[in-house]
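In full-length UniProt numbering, the protein residues as written are 1 to 776.
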């Protein structure tokens, strides 16, 4: 072949088709994409319209087409003057594709995209012959451009996700995606989606009316200010002198102490295994033989057990002040030096009891997540997150106590994170501790026999059976809570349904397991598993339905694809309320453990209050939307009767007032339920909007007056001086000029001082965001 022929062959644009030199692979043409980017991503056929049919049906407003890049070697002489100029080194500059615009690209008559002239000729000219200016350089440019396009596509996807308009059910081009709520800021604290207060976003009418009542200084506002002032005086009267030199000096008489200790061992210890009961009883008897010689670590442990036992001592929690004092003393003791000396198994036990007592006795119950963080780190510092078989030879007693305590730490951490709306900050890969053995306490021996105990089968009821039944679903609940409180990314609705299926299976297995164990539990020494244990275990699991479906329930009233979430929230709420005796038939207090459970839900704070409030909100939301004329089912699913739901709210209204009579100093739960009932009754009667607002305000006012009467009774019972039990007019002058913060004051019973924030609705996500003056 002549030199001219060789030059002609090297400049031919179709060299690969006519035969490449030996040893050089044939170059493949990159076919330009004709489908829109959304259809390409979902791998479905596109009709190439703008927008295409699939995107129109999926309600995707921005149907975009990727620009077609035509290499310089195929551009031809027609556009050679428009290509980038060469640099000093002679190499052509790399063309850069702009980020795809959200606007639809113009199309031809066949629905194909028209390529901008600056990027090269149309597709019709892309197959024509063109010159080849260096195959190696051209291939490098093409590879770089492909990588650049992929990078820009990823950036565009992230931008579309972040700037998605509120209220859109579809995020990042995916159907049925549910975006996370924005969370709540109240009194310097951030609450994630699992916190009970986020459901109040679905009840804007009540908050708006109560907010106007505050601005207008209506009767309900003045009455609630009186309740707030009187509640502060009651809490101040409960405070006892606290001194590090007098720790452990307030132990009651042995007869009363015995009763309180038995209350704790009969209830909480059967769910969360913290103590080795035979060892505790032995130390308890030694204490009464010589109280002055007792170890202070055991004294604090005993005081915390006394505080928890006091919550179910009677119907009105008459020992509330003393229980709070015991908790404060234990907290002070744990803070005193030397802290290193408290990093022992008894120290871990005391910290577990402290977290539980703070929540139940109302001592900073909103801050237990912070205390829980110290407990998790102390437990990991002591190696409880590693299975004892990796830590050297241990006795059966020591190994099993470590496994039980780590299981208790995991469960407490999960529940505290749920209540705070935060992340559990633990993953299943962070520990390898095995499950505790299904053994009774008297089967644990502190001997170096080197033998692994062979306990009874899991179907045999023991003192550890309830804890083991709860632990089975712990990995699922850890993952679920982490996803629920993740504020970064949306979740496809299919993922929510998958998690719901797994959670439903776990709840059914738990209920069936505990029911079978109760049936077999008929030992000579009395029952091991009672109603209290089963109810608390079901609370730990069934409450997760609320957090899982909360982000989707707001969409369910207008979109039947999310109706399942609405139904699951309502069903789980009624299940939890039935444990309280507020849904269906009342509890039979003759059954062992039911009286204890009734008293704990009437007297205790923490999860025994918050779970019920969250459940009641779901019932109120459902009933109000039914009365407003929204569809209540898909047509083939039966709806729940209005009378049943209203009776549930009416029972809860009485329950919330009983809590005030039992010493709770905040009556806003009762007030808000009364406002919801007034709203429901007004809608049932078909009143006008103005009359509905009046009915809501009237119900709230009557409720506030009832709470003031109940608080006056509490003040008289607890010995608050009569001259302080009723606020004087001069004292109220400086108070009534301050706004009350509705949810902050309602959420935290033990906060001293009056908030300077308005008591209107806080900032949420989901398209119902409100701006509050001075809130931040």
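Note that the Cβ used here is the ideal one computed from N, Cα and C, for glycine as well.
This one's a predicted model, so the numbers in the text were calculated from it and none came from an experiment.
Close beta carbons around residue i, own chain, < 7 Å, minus the five adjacent residues each side
i, result
"residue 358", "327, 364, 365, 368, 371"
"residue 219", "701"
"residue 268", "308, 356"
"residue 447", "395"
"residue 777", "Outside the shown range of the chain (1 to 776) lies residue 777, about which nothing can therefore be said."
"residue 544", "477, 480, 503"
"residue 482", "423, 424"
"residue 628", "683"
"residue 663", "316, 317, 320, 714"
Span of the alpha helix (DSSP H), counted from its first residue to its last, around residue i
i, result
"residue 431", "Per DSSP, residue 431 belongs to no alpha helix (DSSP H) and is neither H nor E."
"residue 397", "396–420"
"residue 301", "296–310"
"residue 600", "594–603"
"residue 266", "254–266"
"residue 537", "531–542"
"residue 616", "607–627"
"residue 349", "345–361"
"residue 325", "320–335"
"residue 198", "Taken as a continuous stretch (DSSP letters only), residue 198 belongs to no alpha helix (DSSP H), as it is neither H nor E."
"residue 443", "Unbroken run through residue 443: none, as it is neither H nor E."
"residue 820", "Residue 820 lies beyond the range of the chain shown here (1 to 776); nothing can be said about it."
"residue 480", "474–484"
"residue 799", "Lying before the first or after the last residue shown, residue 799 is absent from the chain, which here runs from 1 to 776."
"residue 240", "No alpha helix (DSSP H) holds residue 240; DSSP gives it neither H nor E."
"residue 286", "277–289"
"residue 465", "465–471"
"residue 385", "Looking at the DSSP string, residue 385 is not in any alpha helix (DSSP H), and its letter there is neither H nor E."
"residue 53", "53–57"
Beta-carbon spacing of residue i, residue j below 8 Å
i, j, result
"residue 202", "residue 675", "no"
"residue 679", "residue 707", "no"
"residue 502", "residue 476", "yes"
"residue 490", "residue 178", "yes"
"residue 375", "residue 410", "no"
"residue 622", "residue 645", "yes"
"residue 572", "residue 546", "yes"
"residue 331", "residue 353", "no"
"residue 677", "residue 656", "no"
"residue 608", "residue 360", "yes"
"residue 436", "residue 403", "yes"
"residue 426", "residue 499", "no"
"residue 244", "residue 306", "no"
"residue 581", "residue 533", "no"
"residue 195", "residue 373", "no"
"residue 413", "residue 193", "no"
"residue 199", "residue 614", "yes"
"residue 433", "residue 273", "no"
Close beta carbons around residue i, own chain, < 8 Å, minus the five adjacent residues each side
i, result
"residue 7", "Its pLDDT being 44, under 50, residue 7 is placed unreliably in this model, and the coordinates cannot settle the point."
"residue 276", "397, 401, 441, 444"
"residue 658", "602"
"residue 705", "223"
"residue 438", "455, 456, 457, 458, 460, 462, 464, 465, 468"
"residue 329", "242, 247, 248, 250, 300, 303"
"residue 711", "227, 230, 231, 234, 660, 665, 667"
Sequence-distant residues of the same chain with beta carbon closer than 6 Å to residue i, five excluded per side
i, result
"residue 579", "535"
"residue 605", "362, 365"
"residue 313", "319"
"residue 552", "178, 562, 565"
"residue 636", "Bear in mind that a pLDDT of 37 at residue 636, under 50, signals an unreliable position, so the model cannot answer this."
Start-to-end residues for the beta strand (DSSP E) that takes in residue i
i, result
"residue 189", "189–191"
Which residues DSSP lists as bridging residue i, in chain order
i, result
"residue 696", "In the DSSP output, where bridge partners are listed per residue, residue 696 has none listed."
"residue 184", "191"
Cβ of residue i within 8 Å of any chain C Cβ
i, result
"residue 718", "Absence of chain C from the displayed structure is noted, only one protein chain being present."
Q: Would you check if the segment 282–295 and the segment 225–243 touch, i.e. whether three or more CB-CB distances between them fall below 8 Å?
A: no
Q: Check whether the segment 479–499 touches the segment 290–297, counting contact only when three or more Cβ pairs, one atom from each stretch, lie closer than 8 Å.
A: no
Q. Taking contact to mean at least 3 C-beta pairs separated by less than 8 Å, is the segment 250–257 in contact with the segment 688–704?
A. no
Q) Would you call the segment 387–397 and the segment 340–353 in contact, with 3 or more CB pairs under 8 Å? A) no
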